[in-house]
Amino acid sequence: MLIRTLLAATALTAPMAANAQSMPGMDMGQHEHHAPAPIEAPPMPLNHGSMDHASIAPATSAKPPQDAAAPQHAAMDHGPMTGMDHSGMDMHGMKGMLGGYSMMRDASGTAWQPDSSPMWAIMGKRGAWSTMVHGYATLVHDDQGGPRGDQKTFVASMFMGMGQRELAGGTLTLKAMGSLDPLMGKSGYPLLLATGETADGRTELVDRQHPHDAFMELSATYSHPLGRDLSGFVYLGLPGEPALGPATYMHRFSGVANPEAPISHHWLDSTHVTFGVATAGIVYKDLKLEGSVFTGREPDENRWNIERPRMDSWSIRATVNPNSNLSAQVSHGFIKSPEGLHPEENVRRTSASVTWNLPLGDNRNWQSTFAWGRNDPSGGDHGHTTDAFLFDTALQIGRWTLFGRAENVDKDELFGTSTAVIRLPAVYSTSAS
Numbered sequence: 228m229l230i231r232t233l234l235a236a237t238a239l240t241a242p243m244a245a246n247a248q249s250m251p252g253m254d255m256g257q258h259e260h261h262a263p264a265p266i267e268a269p270p271m272p273l274n275h276g277s278m279d280h281a282s283i284a285p286a287t288s289a290k291p292p293q294d295a296a297a298p299q300h301a302a303m304d305h306g307p308m309t310g311m312d313h314s315g316m317d318m319h320g321m322k323g324m325l326g327g328y329s330m331m332r333d334a335s336g337t338a339w340q341p342d343s344s345p346m347w348a349i350m351g352k353r354g355a356w357s358t359m360v361h362g363y364a365t366l367v368h369d370d371q372g373g374p375r376g377d378q379k380t381f382v383a384s385m386f387m388g389m390g391q392r393e394l395a396g397g398t399l400t401l402k403a404m405g406s407l408d409p410l411m412g413k414s415g416y417p418l419l420l421a422t423g424e425t426a427d428g429r430t431e432l433v434d435r436q437h438p439h440d441a442f443m444e445l446s447a448t449y450s451h452p453l454g455r456d457l458s459g460f461v462y463l464g465l466p467g468e469p470a471l472g473p474a475t476y477m478h479r480f481s482g483v484a485n486p487e488a489p490i491s492h493h494w495l496d497s498t499h500v501t502f503g504v505a506t507a508g509i510v511y512k513d514l515k516l517e518g519s520v521f522t523g524r525e526p527d528e529n530r531w532n533i534e535r536p537r538m539d540s541w542s543i544r545a546t547v548n549p550n551s552n553l554s555a556q557v558s559h560g561f562i563k564s565p566e567g568l569h570p571e572e573n574v575r576r577t578s579a580s581v582t583w584n585l586p587l588g589d590n591r592n593w594q595s596t597f598a599w600g601r602n603d604p605s606g607g608d609h610g611h612t613t614d615a616f617l618f619d620t621a622l623q624i625g626r627w628t629l630f631g632r633a634e635n636v637d638k639d640e641l642f643g644t645s646t647a648v649i650r651l652p653a654v655y656s657t658s659a660s
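In case it helps, this note's numbering puts the sequence shown at residues 228 to 660.
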């Protein structure tokens, strides 16, 4: 199956890593990237008294003290850098949200990615606060053939701001993320084999992908050292993302080049916009253990509001970053009544994933993710246990990105209620100009 997609994009970007690569969550929905050229570290010390968008300084991914001998970003310029803190703090005072590690490790919610992952952002400093801003807007023409296909031109977007400061011996991080995706309409965009949620509150969306909500994340995180190489944290979001599944596709380098959601979205990371999340966990060296209580119901068809939290579901997740180029997670959760059209149905979801990242130097990077998710529903008409497998990969060479994705997903919603599970493998090829 071939989906023909033409893309033109504009992005709000500035280099944060010295190897001048792209950031998970930034606009990479195209094969040709008009990213700015690498910016050298300024020879004079920066004035951190106020945020200066005209002076963007690179940041490093220094490992925390307990892993000082581990390899750092292979492609990074290790020359003199103003404001570097070798305790895991990056330029402008920004550091790991949950503990003593580089902020490059933080992805969506409390999920991790490899420490060597590239990152783009506009960094700043205002008083005690370190700030970061990034976002994208991508113009997409989507033409999907066949009797079930359709075509649509739309704009996909995401904008995010983050502020961080020291507080009472710990670290407070505030995040806000939004999107103008609701402007594309309640029925979203054509996506063959996609299922999940509703546009009118009466019928299921099939062969279409719903838009993101205008409010994607409003969260606060507080972490505090508990001992040598050990920290504890609490994350609260309305909306937010629970500890379930891998980093969402738009926040990992291997997935952001995809202009549309994976068809495995509702097996892996569909909870990434959840109205009501509370997560607590610990970080010991490169291991993170965490648990969440959250609202099981997915957002309704009104994409502009903030919904009432229910806090009726739970999840647990273990994540390990054994070296700077690898991140692996396994998670399990109980999701109460996720679909508004099937309120009697609950789902147990299990997920495991591995993300590998390889900095190649000279504005080049390669990242791949393999993920598996299983939905085990109870109650309702969808009683089948279904699995989804995803592999996505992105190789950036300067301004060009070569992206590929393969998925194999069990679906029992494509043709209405059925006693048979239909296995529909799909491999997508995406091109851009």
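Yeah, the Cβ is synthetic: ideal placement off N, Cα and C, and Gly gets one too.
Name the residue from the options whose alpha carbon lies nearest to the alpha carbon of residue i.
i: W627; options: S595, V636, R591 and K638; result: R591
i: A441; options: L453, G373, M411 and L407; result: L407
i: R601; options: D608, L617, S595 and W593; result: L617
i: D614; options: N529, W494, L587 and G588; result: W494
i: G508; options: L465, R537, H451 and G523; result: H451
i: A545; options: Y511, G412 and L568; result: Y511
i: R530; options: S542, G606 and F502; result: F502
i: F561; options: N550, A633, M538 and H611; result: M538
i: T522; options: G464, H569 and R479; result: G464
i: R672; options: D434, S542 and Q556; result: Not covered by the structure: residue 672. The range shown for the chain is 228 to 660.
i: A348; options: M330, G354 and A338; result: M330
i: D527; options: V382, D513 and P570; result: P570
i: Q391; options: K402, G518 and H611; result: K402
i: S458; options: P536, G354, S497 and L516; result: L516
i: G518; options: L325, R455, T365 and S558; result: S558
i: A421; options: P473, T400 and D377; result: D377
i: A633; options: F642, V382 and S595; result: S595
i: T498; options: A484, R524, G354 and F381; result: R524
i: A395; options: A355, I533 and S344; result: A355
i: R479; options: G631, G323 and S344; result: S344
i: G326; options: S414, N550, T398 and H437; result: T398
i: L622; options: D589, H611, W599 and D608; result: D589
i: T400; options: Q556, K322 and P565; result: K322
i: E534; options: V500, K638 and P604; result: V500
i: D639; options: F460, E431 and G467; result: E431
i: Q556; options: L514, K352, P604 and L366; result: L514
I need the boundaries of the beta strand (DSSP E) containing residue i, first residue and last residue.
i: N635; result: W627 to K638
i: P417; result: Y416 to T425
i: W583; result: N573 to P586
i: E393; result: Q378 to L394
i: F561; result: L553 to I562
i: R375; result: No beta strand (DSSP E) holds R375; DSSP gives it neither H nor E.
i: W541; result: S540 to V547
i: G351; result: I349 to R353
i: R435; result: E431 to Q436
Are the Cβ atoms of residue i and residue j separated by less than 9 Å?
i: P489; j: G336; result: no
i: A505; j: Y462; result: yes
i: M741; j: S357; result: An answer regarding residue 741 cannot be provided, because it is not within the stretch 228 to 660 covered by the chain.
i: S176; j: T620; result: Because the chain in this structure spans residues 228 to 660, residue 176 falls outside the shown range and cannot be described.
i: L585; j: N548; result: no
i: G405; j: M359; result: no
i: P486; j: D370; result: no
i: W583; j: P341; result: yes
i: N573; j: G606; result: yes
i: G428; j: G567; result: yes
i: P409; j: R435; result: no
i: Y476; j: D456; result: no
i: A426; j: W339; result: no
i: A484; j: F381; result: no
i: H437; j: S414; result: yes
i: A598; j: G472; result: yes
i: M387; j: G412; result: no
Based on the DSSP secondary-structure assignment, which residues constitute the bridge partners of residue i?
i: D619; result: T596 and R632
i: N602; result: R576 and T613
i: I533; result: BP columns for I533 are empty, so no partner.
i: E444; result: M404
i: Y328; result: BP columns for Y328 are empty, so no partner.
i: S450; result: T398 and F460
i: M359; result: M350 and M389
i: D333; result: W339
* Asked: Where are the beta strand (DSSP E) runs, 3 residues long or more, that stay fully inside the segment 454-525, in chain order?
  -> 457-464, 504-511 and 514-521
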